[in-house]
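**Student:**
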DNA sequence: TTTAGTACCTTGTGTTACATAGTACTAAAT
DNA sequence: ATTTAGTACTATGTAACACAAGGTACTAAA
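Chains as they are written, first to last, in the working numbering: chain F, 13 to 139; chain V, 13 to 139.
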């Protein structure tokens, strides 16, 4: 079997940080979208703007399928509303079930944060 | 076009919370693994145990490909070491590049936490 | 020599975010 | 009246990823 120190593909490795940041965002999007909708009904473009405010950039190709998925599982409803400055807007709204689900997600989130921070803290001295 | 309130597939929706919790874990695993290795070299089974301690359950099928990926991008190295109680262990070790990358990941993580918490806070009153 | 325990590895699958491209509606400009 | 710009929603294809499930291999005790 023999010893072997890593030799293959030492390709940079640090410029991957940007993509890993994107990777970490995955999974919390649902939480953020439901949170935003708990503040009041909103249409997709509005949601994107609100996420941008908190440095969570999301594009249409991500948001629309996600909203449809949340709607199909009964967490969101929607209504059409006319606009004076373009095509009609699809206002999404949190359902009762969605609100309850949001509470659970928030709990999961805070538990995750605690777990990760605990892991990080232990290593802080050794870097 | 006409108004339309959601009617289709109101299938539960709340028991999805467990799977969404799993979903949120995605992306932070890399961060946690690198953090653990910053405390000292470790072999996969050991890493799984340490993650379990902080409530972050990960299975082998997840960990092994991830470690290989991190090794192939130069963030980790490894060495084989004999064991008196079973087959040899593959001890992974954080490289210089890996340590630098870890710092960036930790920054991204704290920024993400802040962003998500900011979004959540705004909605806390309305639930 | 069988059994239990430990450890590492591979393959296949479903989910998901994103890139890209397209459709459609309104209002202002030519 | 037709074009152009701005806003908004939708669909398709792709790559990354976690996980389930099954497999190999080594050691030590029964």
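Think of the CB as a built atom: it goes at the ideal place given N, C-alpha and C, for glycine as much as any other residue.
(1) Check whether the Cβ atoms of residue 131 (chain F) and residue 120 (chain V) lie closer than 8 Å to each other.
(2) Please report the residue range of the beta strand (DSSP E) in which residue 90 (chain F) lies.
(3) Determine the DSSP secondary structure at residue 64 (chain F), reduced to helix, strand or coil.
(4) Could you please tell me which residues of the stretch 66–89 of chain V, in chain order, have their CB closer than 8 Å to any CB of chain F?
(5) Which whole-angstrom value describes the C-beta separation of residue 76 (chain V) and residue 88 (chain V), a residue pair presumed to lie in contact below a C-beta threshold of 8 Å?
(6) Excluding the 5 residues preceding and the 5 following residue 100 (chain F) in the sequence, name in chain order all residues of the same chain whose CB lies nearer than 8 Å to its CB.
(7) In the structure shown, what three-state DSSP assignment does residue 38 (chain F) receive?
(8) Let me check understanding here. Comparing Cα to Cα, which of V:35, V:36, V:39, V:62 lies closest to residue 134 (chain F)?
(9) Name, going along the chain, the residues of the stretch 103–124 of chain F whose beta-carbon falls closer than 8 Å to a beta-carbon of chain V.
(10) Of all the options V:69, V:71, V:83, V:33, which has the alpha carbon lying nearest to the alpha carbon of residue 49 (chain V)?
(11) Between residue 127 (chain F) and chain V, is there a C-beta pair that is closer than 8 Å?
(12) Would residue 117 (chain F) and residue 43 (chain F) be called neighbours here (beta carbons separated by less than 8 Å)?
(13) Which one of V:128, V:115, V:81, V:97 has the shortest CA to CA distance from residue 90 (chain V)?
(14) Against chain F, does residue 17 (chain V) count as a neighbour if the rule is that its beta carbon must be under 8 Å from one of theirs?
(15) Applying a beta-carbon distance threshold of less than 9 Å, which residues of chain F neighbour residue 38 (chain V)?
(16) In terms of residues, what are the limits of the beta strand (DSSP E) holding residue 155 (chain V)?
(17) Please list, in chain order, the chain V residues whose beta carbon lies closer than 9 Å to that of residue 48 (chain F).
(18) Figure out for me which residue from V:36, V:41, V:33 has the closest Cα to the Cα of residue 114 (chain V).
(19) How about residue 39 (chain V) and residue 73 (chain F): are their beta carbons less than 8 Å apart?
(20) Which same chain residues end up closer than 7 Å to residue 98 (chain V) when comparing Cβ atoms and leaving out the 5 residues on each side of it in sequence?
(21) Would you kindly work out how many angstroms separate the C-alpha atoms of residue 66 (chain V) and residue 96 (chain F), rounded to a whole number?
**Tutor:** For this structure:
(1) Within the first chain, residue 131 (chain F) is the residue found at index 119, counting from 1. Within the second chain, residue 120 (chain V) is the residue found at index 108, counting from 1. No.
(2) Within the first chain, residue 90 (chain F) is the residue found at index 78, counting from 1. 88–93 is the span of the beta strand (DSSP E), which, as asked, contains residue 90 (chain F).
(3) In the first chain, residue 64 (chain F) corresponds to position 52, counting from 1. Residue state, collapsed to three classes: helix.
(4) Residues are counted here when their Cβ sits less than 8 Å from a Cβ of chain F; for the stretch 66–89 of chain V these are 66, 67, 68, 83, 84, 85, 86, 87, 88, 89, given in chain order.
(5) The residue given as residue 76 (chain V) occupies position 64 in the second chain. The residue given as residue 88 (chain V) occupies position 76 in the second chain. Contact check for residue 76 (chain V) and residue 88 (chain V): beta-carbon distance about 12 Å, past the 8 Å limit, so the pair fails to qualify.
(6) In the first chain, residue 100 (chain F) corresponds to position 88, counting from 1. Here the set comprises 92, 93, 94.
(7) Here residue 38 (chain F) is taken as the residue at index 26 of the first chain, counted from 1. Assignment of residue 38 (chain F) by DSSP, reduced to helix, strand and coil, places it in the coil class.
(8) Indexing the first chain from 1 puts residue 134 (chain F) at position 122. Taking only the C-alpha atoms, the option nearest residue 134 (chain F) is V:62.
(9) Within the stretch 103–124 of chain F, the residues whose Cβ lies closer than 8 Å to some Cβ of chain V are 107, 109, 110, 111, 112, 113, 114, 115, 116, 117, 118, 120, 121, 123, 124, listed in chain order.
(10) To locate residue 49 (chain V), count along the second chain from 1; it is residue 37. For the residues V:69, V:71, V:83, V:33, the minimum Cα distance to residue 49 (chain V) belongs to V:83.
(11) As a position in the first chain, residue 127 (chain F) is number 115, starting the count at 1. Under the Cβ criterion of 8 Å, residue 127 (chain F) is counted among the residues facing chain V.
(12) Position 105 of the first chain, counting from 1, holds the residue named residue 117 (chain F). Position 31 of the first chain, counting from 1, holds the residue named residue 43 (chain F). Taking 8 Å as the Cβ cut-off, residue 117 (chain F) and residue 43 (chain F) qualify as a contacting pair.
(13) Translated into the one-based positions of the second chain, residue 90 (chain V) becomes position 78. Checked all of V:128, V:115, V:81, V:97; the closest Cα to residue 90 (chain V) is V:81.
(14) Within the second chain, numbered from 1, the residue matching residue 17 (chain V) stands at position 5. Because residue 17 (chain V) carries a pLDDT of 35, less than 50, the predicted location of this residue cannot be relied on, and the following value inherits that uncertainty. By this cut-off, residue 17 (chain V) is an interface position.
(15) As a working mapping, residue 38 (chain V) is identified with position 26 in the second chain. Within chain F, the residues whose beta carbon sits less than 9 Å from that of residue 38 (chain V) are 35, 36, 38, 39, listed in sequence order.
(16) Because residue 155 (chain V) is not part of the residues shown, which for chain V are 13 to 139, the question remains open.
(17) Taking the first chain and counting its residues from 1, one reaches residue 48 (chain F) at position 36. Going along chain V in sequence order, the residues near residue 48 (chain F) (Cβ under 9 Å) are 131, 134, 135.
(18) Residue 114 (chain V) sits at position 102 when you count from the first residue of the second chain. Checking every option, the nearest Cα to that of residue 114 (chain V) belongs to V:41.
(19) Taking the second chain and counting its residues from 1, one reaches residue 39 (chain V) at position 27. Taking the first chain and counting its residues from 1, one reaches residue 73 (chain F) at position 61. Taking a C-beta distance under 8 Å as the contact criterion, residue 39 (chain V) and residue 73 (chain F) do not qualify as a contact pair.
(20) Against the second chain, residue 98 (chain V) aligns to sequence position 86. Same-chain partners within the cutoff: there are none.
(21) For the purposes of this step, residue 66 (chain V) is identified with residue 54 of the second chain, where counting begins at 1. For the purposes of this step, residue 96 (chain F) is identified with residue 84 of the first chain, where counting begins at 1. When the Cα atoms are used, residue 66 (chain V) and residue 96 (chain F) turn out to be separated by approximately 52 Å.
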